[in-house]
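Here the structure is laid out as structure tokens; the discussion comes afterwards.
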Amino acid sequence: MKRRTFVRSATLAAGGAVVAGTAGDLVATTRAQAQTGLRINGARINAHLAELSKFGRNPQGGVSRVAYSDADRDGRAYLMQLMRDATLAVSVDTAGNIWGKRPGSQAGLKPIVFGSHIDSVPEGGNYDGDVGTLGAVEVAQTLIEQGVTTRHPLDIVCWQNEEGGLYGSHAATDAVTAQELAGVSVSGKTIRDGIRFLGGDPTRLEESRRRTGDVTCYFELHIEQGGILDKEHLDIGIVEGIVAITRFDVTVAGLANHAGTTAMGDRHDALLSASRFVEAVNRIATATPGRQVATVGRIQAFPGAVNVIPGRVECTLEMRDLDAEKIKRLGAEIRAEAERIGKQNGTTFTFQGSSTDHVASLSDPAMRAHVAAASKALGLSTKLMPSGAGHDAQNMARIGPMGMIFIPSVGGISHSPKEFSTPKDIENGVNVLLHSVLAADRA
Ligand SMILES: [Zn+2]
475 MKRRTFVRSA
485 TLAAGGAVVA
495 GTAGDLVATT
505 RAQAQTGLRI
515 NGARINAHLA
525 ELSKFGRNPQ
535 GGVSRVAYSD
545 ADRDGRAYLM
555 QLMRDATLAV
565 SVDTAGNIWG
575 KRPGSQAGLK
585 PIVFGSHIDS
595 VPEGGNYDGD
605 VGTLGAVEVA
615 QTLIEQGVTT
625 RHPLDIVCWQ
635 NEEGGLYGSH
645 AATDAVTAQE
655 LAGVSVSGKT
665 IRDGIRFLGG
675 DPTRLEESRR
685 RTGDVTCYFE
695 LHIEQGGILD
705 KEHLDIGIVE
715 GIVAITRFDV
725 TVAGLANHAG
735 TTAMGDRHDA
745 LLSASRFVEA
755 VNRIATATPG
765 RQVATVGRIQ
775 AFPGAVNVIP
785 GRVECTLEMR
795 DLDAEKIKRL
805 GAEIRAEAER
815 IGKQNGTTFT
825 FQGSSTDHVA
835 SLSDPAMRAH
845 VAAASKALGL
855 STKLMPSGAG
865 HDAQNMARIG
875 PMGMIFIPSV
885 GGISHSPKEF
895 STPKDIENGV
905 NVLLHSVLAA
915 DRA
């Protein structure tokens with residue numbers, strides 16, 4: 475719709491809304507109706523994505539724009555230019571996160587924050603993080619062009635080093651330890667040096683920290699990274715929350731012995747038990763109703779020789795679901811089965827809890843409702859779904875209401891140069907983000 479047409483139809487709609495009610499109601503109703511026809515520029519957001527994909531482009535057609543690399547720095551410079559072009563006030567906080575801010579019309583209101591990240595995994599794709607970050611800038615630019623001033627300030631954010639462990643959003647919502655700062659990122663730089671490289675100051679991280687009540691809410695648009703929306707031909711995923719992760723280091727102890735002289739009935743083969751365990755984990759997780767997942771992702775047999783029966787196996791067990799209690803039950807069932815498997819050939823299983831567990835992080839019901847209403851108004855189909863992958867949104871959920879919007883990933887492929895979302899789905903997602911932000915602003 476052209477701007478002139480939009481203004482006329484909005485005026486007509488507002489005219490039709492003159493009914494009984496308070497002046498405040500009327501203002502709110504008029505504002506809502508005036509905003510209904512707003513749409514982002516689909517061609518522009520897709521052109522910006524194509525431009526960003528040049529920074530760190532790899533021969534496979536994706537990007538290797540790992541945090542703190544030259545490509546990351548250059549991609550960030552491009553993003554900051556886009557923000558300036560949109561007339562946002564651009565700054566880099568002490569944690570190295572980029573902010574593009576626009577004031578609101580009503581004094582005293584806390585900002586609506588939305589954005590994502592633009593760093594990638596090595597040999598990553600062009601959509602993970604990029605869609606949500608450039609989409610956030612597109613939303614702001616659309617509002618500015620159309621002369622729409624929100625009541626709340628708008629803070630568009632690009633979190634630094636999402637792929638390395640959500641470092642930017644972690645620093646913005648929690649204390650960062652010296653040990654974390656000393657960790658080495660994929661770029662080869664420590665987190666501390668990386669923050670400096672991006673223009674932050676690791677000695678003043680506290681200044682970037684936001685606390686409960688500092689934000690009105692947070693939205694993040696992201697590609698699904700799984701194949702559910704694509705397979706079911708749905709437009710938008712309304713994220714229920716980001717799943718809890720529980721991990722164990724599992725050791726299977728048997729008896730190493732001569733592979734030529736030990737009869738089959740006399741063996742305590744740890745790898746045989748581990749193989750049965752891998753199968754059992756898959757069977758139990760599949761047979762339980764729900765959307766939980768369980769994986770044995772790493773396995774190693776010792777001593778690992780061609781002519782020795784494995785005496786010990788070390789492997790991992792990872793389980794994910796929104797419901798931590800369910801993970802507990804699943805874990806208990808898997809352990810009971812492991813014990814049964816061990817008894818079959820005189821081996822034993824031990825489970826050691828890991829330090830890399832994450833609690834589930836639920837989205838806010840009101841934010842979900844905004845995303846659902848925005849999708850419906852745009853004529854888009856939706857599905858309520860968990861996020862199996864981690865996102866900066868899980869850190870922001872610690873300090874305020876969080877909402878996440880998913881768009882389909884073709885074939886469910888992500889963290890790969892083959893990652894792809896269609897220009898139409900991207901346009902849809904950014905329009906849903908726009909109207910979710912506007913709904914939160916009116917609420
Ligand atoms: Zn991401």
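Under my numbering, the residue at position 231 of the sequence shown is numbered 705, and the numbers go up by one with no gaps. Even glycine gets a Cβ: it sits at the ideal position worked out from N, Cα and C.
Rounded straight-line distance, which links the Cα of residue j to that of residue i
{"i": "P686", "j": "G874", "result": "First, the amino acid is wrong: residue 686 is Thr here, not Pro. Taking the straight line joining both Cα atoms gives about 6 angstroms."}
{"i": "Q509", "j": "R683", "result": "33 angstroms"}
{"i": "V929", "j": "D797", "result": "Coverage of the chain is limited to positions 475 through 917, which leaves residue 929 absent and any answer about it impossible."}
{"i": "Y552", "j": "V884", "result": "27 angstroms"}
{"i": "T647", "j": "G609", "result": "23 angstroms"}
{"i": "G728", "j": "M859", "result": "42 angstroms"}
{"i": "R836", "j": "M878", "result": "Note that residue 836 corresponds to Leu in the displayed sequence, not to Arg. Spanning the two alpha carbons is a distance of roughly 10 angstroms."}
{"i": "V492", "j": "A917", "result": "Its pLDDT being 40, under 50, V492 is placed unreliably in this model, and the value from its coordinates should be taken loosely. C-alpha separation (whole angstroms): 20 angstroms."}
{"i": "F823", "j": "C789", "result": "11 angstroms"}
{"i": "G668", "j": "E792", "result": "30 angstroms"}
{"i": "A913", "j": "V752", "result": "47 angstroms"}
{"i": "V587", "j": "C691", "result": "6 angstroms"}
{"i": "D795", "j": "T735", "result": "46 angstroms"}
{"i": "T725", "j": "F825", "result": "7 angstroms"}
{"i": "S594", "j": "E714", "result": "24 angstroms"}
{"i": "H522", "j": "K584", "result": "29 angstroms"}
{"i": "R772", "j": "F722", "result": "11 angstroms"}
{"i": "A730", "j": "N756", "result": "27 angstroms"}
{"i": "A502", "j": "D899", "result": "30 angstroms"}
{"i": "R786", "j": "S747", "result": "10 angstroms"}
{"i": "Q774", "j": "N515", "result": "51 angstroms"}
{"i": "R558", "j": "P763", "result": "50 angstroms"}
{"i": "Q620", "j": "L695", "result": "22 angstroms"}
{"i": "S543", "j": "F529", "result": "10 angstroms"}
{"i": "V658", "j": "K802", "result": "32 angstroms"}
{"i": "M475", "j": "E612", "result": "In this prediction, M475 has a pLDDT of 42, which is less than 50 and means its spatial position is unreliable; nothing more can be read from the coordinates."}
{"i": "P882", "j": "N902", "result": "10 angstroms"}
{"i": "Q799", "j": "G805", "result": "In the sequence as presented, Gln is not what sits at residue 799; that position holds Glu. Computed Cα separation, rounded: 10 angstroms."}
Buried versus exposed, by CB contacts within 10 Å (16 or more), residue i
{"i": "R750", "result": "buried"}
{"i": "P839", "result": "exposed"}
{"i": "G827", "result": "exposed"}
{"i": "P777", "result": "exposed"}
{"i": "H707", "result": "exposed"}
{"i": "H732", "result": "exposed"}
{"i": "A744", "result": "buried"}
{"i": "M738", "result": "exposed"}
{"i": "D567", "result": "buried"}
{"i": "R539", "result": "buried"}
{"i": "T624", "result": "buried"}
{"i": "S579", "result": "exposed"}
{"i": "P577", "result": "exposed"}
{"i": "A545", "result": "buried"}
{"i": "R550", "result": "buried"}
{"i": "T607", "result": "buried"}
{"i": "Q699", "result": "buried"}
{"i": "S910", "result": "buried"}
{"i": "D709", "result": "buried"}
{"i": "Q868", "result": "buried"}
{"i": "S565", "result": "exposed"}
{"i": "D740", "result": "exposed"}
{"i": "V689", "result": "buried"}
{"i": "D866", "result": "buried"}
Residue i beta carbon near ligand 3 (any heavy atom closer than 6 angstroms)
{"i": "V833", "result": "This structure lacks ligand 3; the ligands present are ligand 1."}
Mind listing, in chain order, the continuous alpha helix (DSSP H) runs of no fewer than 4 residues lying wholly within the stretch 743-826? Considered as a whole, the stretch 743-826 harbours 744-761, 798-818 as its complete alpha helix (DSSP H) runs of no fewer than 4 residues, in chain order.
Where are the beta strand (DSSP E) runs, 3 residues long or more, that stay fully inside the stretch 570-643, in chain order? With a minimum length of 3 residues, the continuous beta strand (DSSP E) runs that stay inside the stretch 570-643 are 572-576, 586-591, 628-633.
Is there contact here, the stretch 600-619 with the stretch 628-638, by at least three beta-carbon pairs under 8 angstroms? As far as the Cβ criterion goes, the stretch 600-619 touches the stretch 628-638, which means the pair count is three or higher.
Measuring CB atoms only, is the stretch 666-679 touching the stretch 840-855, in the sense that at least three cross pairs come out at less than 8 angstroms? Pairwise C-beta distances place the stretch 666-679 out of contact with the stretch 840-855, as fewer than three of them are shorter than 8 angstroms.
Indicate whether the contact test is met: 3 or more Cβ pairs, each with one atom in the stretch 777-786 and one in the stretch 806-813, closer than 8 angstroms. As far as the Cβ criterion goes, the stretch 777-786 does not touch the stretch 806-813, which means the pair count is below three.
Contact between the stretch 883-901 and the stretch 657-669 (3+ Cβ pairs under 8 angstroms): In short, these stretches do not touch, since the Cβ pair count stays below three.
Taking three-plus beta-carbon pairs below 8 angstroms as touching, is the stretch 535-543 in contact with the stretch 614-630? Per the Cβ contact rule, the stretch 535-543 is not in contact with the stretch 614-630 (fewer than 3 Cβ pairs under 8 angstroms).
Below 8 angstroms, can you find three or more Cβ-Cβ pairs linking the stretch 847-857 to the stretch 900-907? In this structure the stretch 847-857 touches the stretch 900-907; the number of beta carbon pairs closer than 8 angstroms is three or more.
Quick check for students: name the residue ranges of the alpha helix (DSSP H) that lie wholly in the stretch 859-888, counting only runs of 4 or more. If we require 4 residues or more, the alpha helix (DSSP H) runs fully inside the stretch 859-888 come out as 866-870.
Run through the stretch 652-696 for me and flag every whole alpha helix (DSSP H) of 4 or more residues, listed as ranges in chain order. Restricted to the stretch 652-696, the alpha helix (DSSP H) segments that are unbroken, complete and at least 4 residues in length are 652-656, 665-671, listed in chain order.
Around ligand 1, which residues pass a check of Cβ closer than 5 angstroms to any of its heavy atoms? Screening all residues for a C-beta within a distance smaller than 5 angstroms of any heavy atom in ligand 1 leaves D602, G603, in chain order.
Can you list, in chain order, the stretches of the alpha helix (DSSP H) that have 4 or more residues and sit fully within the stretch 497-528? For the stretch 497-528, whole alpha helix (DSSP H) runs of length 4 or above, ordered along the chain, are 497-510, 516-526.
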